[in-house]
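A.B. asks: Position one of the sequence shown corresponds to residue 0 (numbering that gives the first Met the number 0), numbered consecutively onward.
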Amino acid sequence: MTGEVRLAKLGIGVLGVGEMGKRHAENLRRSVPEARLVAVADVAAERARQVAAELEIEHSFGGLDDLLARKDIQAVVIVTPDKFHAQGIRAAARAGKDILCEKPLATNLADAQAALDAVKEAGVRLQIGFMRRYDPAYLAAKKRVEAGDIGEPVVFKSLGRDKDVPPLAAYQSNLNGMLFYNNTIHDFDLARWLMRDEVAEVQAYTTVAIRPEIAKYNDVVASVVNLKYGHGAIGNVESYVQAIYGYDVRTEVVGSKGSVFVGTVAQTPAVFLSSSGRTQTLADHFLTRFADAYLAEVRDFVQNMLNDRPPQVSGEDGLKALAIAVAAENSHRERRPCEVTLKDAGTPAKAGLEYR
Ligand SMILES: NC(=O)c1ccc[n+]([C@@H]2O[C@H](COP(=O)([O-])OP(=O)(O)OC[C@H]3O[C@@H](n4cnc5c(N)ncnc54)[C@H](O)[C@@H]3O)[C@@H](O)[C@H]2O)c1
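Okay, here's the thing in structure tokens:
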């Protein structure tokens with residue numbers, strides 16, 4: 000909602016109050032005084048009602064339409080499963096609401112582009128939930144790179160490992176994008192943001208080795224994606240959905256003069272990690288590891304909306320990270336290096352779903 004009279008508080012609605020949406024709602028309700036969380040909505044209406052009761056939010060709804068109809072809501076936070084993001088963005092944009100949408104922007108480039116077109120046409124603002132950009136450690140690394148402390152970036156390395164084995168139902172429901180869209184997308188965003196260059200080509204290696212039954216749902220347990228940048232740098236990203244020992248996220252940028260490292264492993268010669276013992280304390284979950292980042296993200300969104308400023312993580316950022324994920328999926332299917340392009344080359348098997 001650009002160009003309106005300045006508001007004292009930003010009226011907000013949260014769509015989708017599962018695990019992540021509830022955290023966003025909690026942050027907005029308890030820790031962002033410049034926001035007024037007017038309502039939460041979820042297709043599971045009872046879930047929305049419970050969250051509203053627990054957080055003392057005035058309204059709860061069973062869907063997006065009721066949220067969008069409210070004049071006292073200027074912005075919407077979309078936290079539905081991946082495949083509903085693009086549809087939600089389009090509907091919210093048409094209703095003139097500013098939007099903070101969880102990653103990924105969409106699960107294919109055609110849906111992503113349509114969502115960005117709707118945002119542009121409506122003249123609203125869109126932020127994508129790449130919260131690692133708000134994490135103090137990643138911000139410190141970014142500052143080092145920008146200050147030239149590591150010289151020219153040459154190699155990007157990143158890994159993201161989730162802890163628990165996902166239930167089979169998570170694959171069967173087909174509501175989220177495969178590993179590259181749901182998990183690796185964070186690293187693909189960091190790959191652009193920290194290296195200050197675009198990824199031009201990827202080559203993906205994937206495995207279902209310890210869980211062959213998920214192959215029929217077009218997903219994988221782990222992947223390694225090699226990256227080639229436009230200006231000559233290279234990179235490598237590993238993702239693994241069931242690391243058991245903890246939630247483990249590390250990133251390194253190696254440059255011509257040094258290296259900057261974000262992660263949990265100290266300078267010990269060997270670190271043993273298993274479910275029964277660990278030599279270091281690791282976060283168990285993203286909600287713990289990135290607690291500060293989620294709050295900083297939503298605060299920054301609210302501040303920027305109230306002050307009529309563009310969001311720091313744009314829809315274009317969402318599109319460019321998505322394009323890397325699409326190229327990685329193509330590489331995984333076709334077993335060859337694939338170019339990263341913003342052009343839609345047809346609908347992949349796990350395409351976006353219609354909103355209803
Ligand atoms: N940035 C991060 O670190 C991070 C972490 C976790 C999840 N996420 C993203 O957040 C989103 C939600 O993930 P989650 O773990 O909370 O999932 P979840 O399954 O716990 O919650 C999703 C909620 O959305 C509701 N829902 C489903 N379809 C809907 C629709 N069409 N309209 C309204 N509500 C609908 C479901 O009933 C559920 O309550 C996903 O896109 C995921 O990728 C991001």
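Beta carbons are placed, not taken as given, at the ideal position from N, Cα and C, and that holds for glycine. All figures in this text were calculated on a predicted structure; none of them were measured in a lab.
1) For L27, name the three-state secondary structure that DSSP assigns.
2) Alpha carbon to alpha carbon, what distance is there between V261 and G147?
3) Where does V236 sit, in a helix, a strand or coil, going by DSSP?
4) Could I get the ranges of all uninterrupted alpha helix (DSSP H) runs contained in the segment 289–348, with 4 residues as the minimum, in chain order?
5) Output the distance between the C-alpha atoms of R308 and K215, rounded to the nearest integer angstrom.
6) According to DSSP, is I77 helix, strand or coil?
7) Within the continuous alpha helix (DSSP H) that includes L193, where are the two ends?
8) How about A232 and P336: are their beta carbons less than 8 angstroms apart?
9) Name the one or two DSSP bridge partners that I127 has.
10) Is the beta carbon of F300 within less than 7 angstroms of some heavy atom of ligand 1?
11) Go through its chain and collect everything with a Cβ distance to L66's Cβ below 7 angstroms, but skip five positions before and after it.
12) Identify whether L9 lies in helix, strand or coil by the three-state DSSP scheme.
13) Buried or exposed, going by whether 16 or more other CB atoms sit within 10 Å of the CB of K256?
14) Per the contact definition of three or more C-beta pairs closer than 8 angstroms, is the segment 89–101 in contact with the segment 118–126?
15) Name the DSSP bridge partner or partners of R22?
16) Are three or more beta carbon pairs between the segment 179–189 and the segment 290–303 nearer than 8 angstroms?
17) Considering only the beta carbon of each residue, do E200 and V339 sit closer than 8 angstroms?
18) Would you please state the rounded distance, in angstroms, between the beta carbons of A105 and A92? I believe it to be under 8 angstroms.
19) Please list the terminal residues of the continuous beta strand (DSSP E) segment that includes Y367.
20) Which residues mark the beginning and the end of the alpha helix (DSSP H) in which D110 is found?
21) Quick one: measure Cβ to Cβ for R226 and F155, integer angstroms, because I've assumed they're closer than 8 angstroms.
C.D. replies: Let me lay it out:
1) Against the sequence shown, residue 27 aligns to sequence position 28. The answer is helix: DSSP assigns L27 an H, G or I state.
2) Residue mapping note: residue 147 aligns to position 148 of the sequence shown, counting from 1. Residue mapping note: residue 261 aligns to position 262 of the sequence shown, counting from 1. Roughly 17 angstroms between the two C-alpha positions.
3) Taking the first residue of the sequence shown as position 1, residue 236 is located at position 237. Reduced to three states, the DSSP call for V236 is strand.
4) 290–305 and 314–333
5) Walking along the sequence shown from the start, residue 308 turns up at place 309. Walking along the sequence shown from the start, residue 215 turns up at place 216. About 45 angstroms.
6) Here residue 77 refers to the residue found at position 78 when the sequence shown is read from its first residue. Here I77 sits in strand by DSSP.
7) The residue you call residue 193 lines up with position 194 of the sequence shown. Element bounds for L193: n/a, residue is neither H nor E.
8) Taking the sequence shown and counting its residues from 1, one reaches residue 232 at position 233. Taking the sequence shown and counting its residues from 1, one reaches residue 336 at position 337. For A232 and P336, no; Cβs fall outside 8 angstroms.
9) Along the sequence shown, one-based indexing puts residue 127 at 128. Bridge partners of I127: C100.
10) For this step, residue 300 is matched to residue 301 along the sequence shown. Not so, every heavy atom of ligand 1 lies at least 7 angstroms from the Cβ.
11) The residue you call residue 66 lines up with position 67 of the sequence shown. Result list for L66: G12, L14, A38, A40, F60, I72 and V75, in chain order.
12) Position 10 of the sequence shown holds residue 9. Three-state result, L9: strand.
13) Residue numbering aside, residue 256 sits at position 257 when the sequence shown is read from its first letter. So K256 counts as exposed.
14) yes
15) As a first step, residue 22 is located in the sequence shown; it is residue number 23 there, counting from the start. In DSSP, R22 forms no bridge with anything.
16) no
17) Position 201 of the sequence shown, counted from the first residue, corresponds to residue 200. Position 340 of the sequence shown, counted from the first residue, corresponds to residue 339. Yes, the pair counts as a contact, with Cβ atoms nearer than the cut-off.
18) Taking the sequence shown and counting its residues from 1, the one referred to as residue 105 is at position 106. Taking the sequence shown and counting its residues from 1, the one referred to as residue 92 is at position 93. Between A92 and A105 the Cβ distance is about 13 angstroms, and since that is not below 8 angstroms, they are no contact.
19) The structure shown has nothing for residue 367, since the chain only spans 0 to 355.
20) In the sequence shown, residue 110 corresponds to position 111, counting from 1. Looking at the DSSP string, the run of the alpha helix (DSSP H) that includes D110 is L108 to A121.
21) Counting from one through the sequence shown, the residue named residue 226 turns up at place 227. Counting from one through the sequence shown, the residue named residue 155 turns up at place 156. What sits at residue 226 in the sequence shown is Leu, not Arg. Their Cβ separation, rounded to whole angstroms, is 7 angstroms, which keeps L226 and F155 in contact under 8 angstroms.
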